[in-house]
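At position 254 of the sequence shown (counting the first as 1) the number is 253 in numbering that gives the first Met the number 0, and the numbers step up by one without a gap.
For reference, the structure is listed below as structure tokens.
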Amino acid sequence: MSGTQGGTQERLRRWRLVLGGDGADGTGCELRGQEAAMDGALSALYGGRRPGGAGDGGARTAGLGASAPNVARWLGDIRTYFPTSVVQVMQRDAIERLGLSALLLEPEMLEAVEADVHLVGTLLSLNKVMPETTKETARAVVRKVVEQLEKRLSSRTRATLTGALDRSARVSRPRHRDIDWDRTIRANLKNYLPEYRTVVPERLIGYGRAAQSVKKDVVLCIDQSGSMAASVVYASVFGAVLASMRAVATRLVVFDTAVADLTDELDDPVDVLFGTQLGGGTDINRALAYCQSQITRPADTVVVLISDLYEGGIRDEMLKRVAAMKASGVQFVALLALSDEGAPAYDREHAAALAALGAPAFACTPDLFPEVMAAAIEKRPLPIPDMAG
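See below:
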């Protein structure tokens with residue numbers, strides 16, 4: 000019986016934390032110690048008491064305020080009481096619900112927050128109004144997140160794309176010194192002659208002599224409107240990883256109503272990110288026109304457009320450019336987002352029009368991106384995930 004009572008009390012305490020202690024929450028539960036401190040941190044963001052004292056049954060209201068000392072103390076509290084994933088959600092909610100963006104312009108605040116992709120997006124959107132005293136700290140925060148992403152994504156990306164590049168370069172009539180004997184033998188096992196104890200290699204598999212030369216050109220064309228912040232962060236990291244591969248010539252272009260080519264910054268994705276300007280309008284047609292002008296080997300080029308497809312430019316011209324690139328042999332990939340959150344709001348009419356051209360638009364997670372690029376390099380169907388809605 001005592002075990003059952005203990006379980007019931009635990010459930011009541013959890014409901015008490017969720018409901019916030021309003022007199023009508025029905026739990027009749029009083030929190031003490033760390034649970035009371037956790038409740039205070041939650042109440043500060045999601046419903047601090049109105050004046051009148053704790054336990055007065057008053058309605059909840061935002062209680063964190065915009066005082067830098069209060070926020071710094073609160074940031075420390077939530078990192079003490081909650082796991083990192085929850086801390087990141089609460090920070091994001093605090094920025095959105097309580098308008099705390101201005102406080103992120105203070106170095107002390109930046110040093111206190113838990114850095115993640117969404118915080119980087121917020122900092123980049125504040126880049127132009129950020130005081131010089133804060134920029135060094137902001138770059139350190141961004142670099143920390145970028146290094147974490149590179150560590151998570153780079154090895155798998157290089158391995159996946161190296162395999163795809165090798166397969167795309169494979170030739171069926173190689174010179175003797177270019178024969179891949181391992182694959183050749185496996186491909187000809189059916190031709191094994193027991194009496195001679197040998198395999199007759201009817202089909203030779205090998206690689207071209209220019210194995211170390213540039214095999215593919217990749218153009219990343221990234222929409223830097225405010226809603227694409229997380230995608231910009233991930234795309235910049237992937238751009239740097241691709242640029243580190245000798246067999247790939249990578250170009251990175253960001254756009255709103257103007258176009259900026261950040262290819263020269265690709266050796267440092269932090270420089271790429273601080274070269275973006277999140278927010279503003281969108282002119283996809285102008286961005287694709289620039290990318291099209293940079294293509295010299297269409298049959299060996301992959302263009303990746305990352306955009307929610309809300310076009311402020313000339314829609315018909317945009318579609319004509321995509322059709323022309325595909326007709327010339329370019330592999331065109333349209334990603335509605337490159338993030339863990341899935342598909343954002345996007346222009347469904349434009350997505351349908353691209354699909355009709357043979358370029359289906361879909362949201363892509365960072366973990367899936369290497370597979371998408373490998374498929375594009377090998378000119379095989381893309382691994383398009385199911386999209387709800």
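Just so it is clear, CB atoms sit at the ideal spot from N, CA and C, and this is done for glycine as well.
A quick note: this is a predicted structure, and the numbers were derived from the prediction, not measured.
Can you confirm whether the stretch 342 to 353 touches the stretch 288 to 301 when touching is taken to mean that 3 or more C-beta pairs between the two stretches lie within less than 8 Å?
no
Which two residues bound the contiguous beta strand (DSSP E) that contains ASP222?
215 to 222
On the three-pair Cβ rule with 8 Å, is the stretch 238 to 245 touching the stretch 317 to 333?
no
Is the closest heavy atom of the ligand MG to the C-beta of THR79 under 8 Å?
As for the ligand MG, it is missing from this structure, which has no ligand bound.
Cβ atoms of ALA228 and THR121: under 9 Å apart, would you say?
Yes.
For TYR309, which three-state DSSP category applies?
coil
Which of helix, strand or coil does DSSP assign to TYR195?
coil
Go ahead and pull the three-state DSSP assignment for CYS28.
DSSP places CYS28 in coil when its eight states are reduced to three.
LEU109 - containing alpha helix (DSSP H), residue span:
First-last of the alpha helix (DSSP H) with LEU109: 106 to 111.
If the criterion is Cβ atoms closer than 9 Å, does the pair SER381 and PHE368 meet it?
It should be pointed out that residue 381 corresponds to Leu in this sequence rather than to Ser. No, the pair does not count as a contact, with Cβ atoms beyond the cut-off.
Own chain residues within Cβ distance below 6 Å of ALA58, not counting five before or after:
Because ALA58 sits at a pLDDT of 39, beneath the cut-off of 50, its placement in the model cannot be relied upon, and the point is left open.
State the DSSP-derived secondary structure class of ARG12, mapped to helix, strand or coil.
helix
Kindly indicate which three-state DSSP category VAL258 falls into: helix, strand or coil?
Three-state DSSP puts VAL258 in a strand.
Nearest-angstrom Cα distance between LYS143 and ALA114?
8 Å
For the 8 Å Cβ check, are there 3 or more pairs between the stretch 266 to 277 and the stretch 217 to 226?
yes
Just mark GLU264 as buried or exposed, buried being the case when its beta carbon has 16 or more other beta carbons within 10 Å.
Flag for GLU264 reads buried.
Would DSSP call ALA336 helix, strand or coil?
strand
Am I right that LEU391 and GLN147 are in contact with their C-beta atoms under 8 Å? What's the rounded C-beta distance?
Outside the displayed range of the chain (0 to 388) lies residue 391, so it cannot be described from this structure.
Between the Cα of ARG250 and those of THR133, VAL145, PHE237, spot the shortest distance and give me the residue it belongs to.
PHE237
Where the alpha helix (DSSP H) containing ALA242 begins and where it ends:
228 to 242
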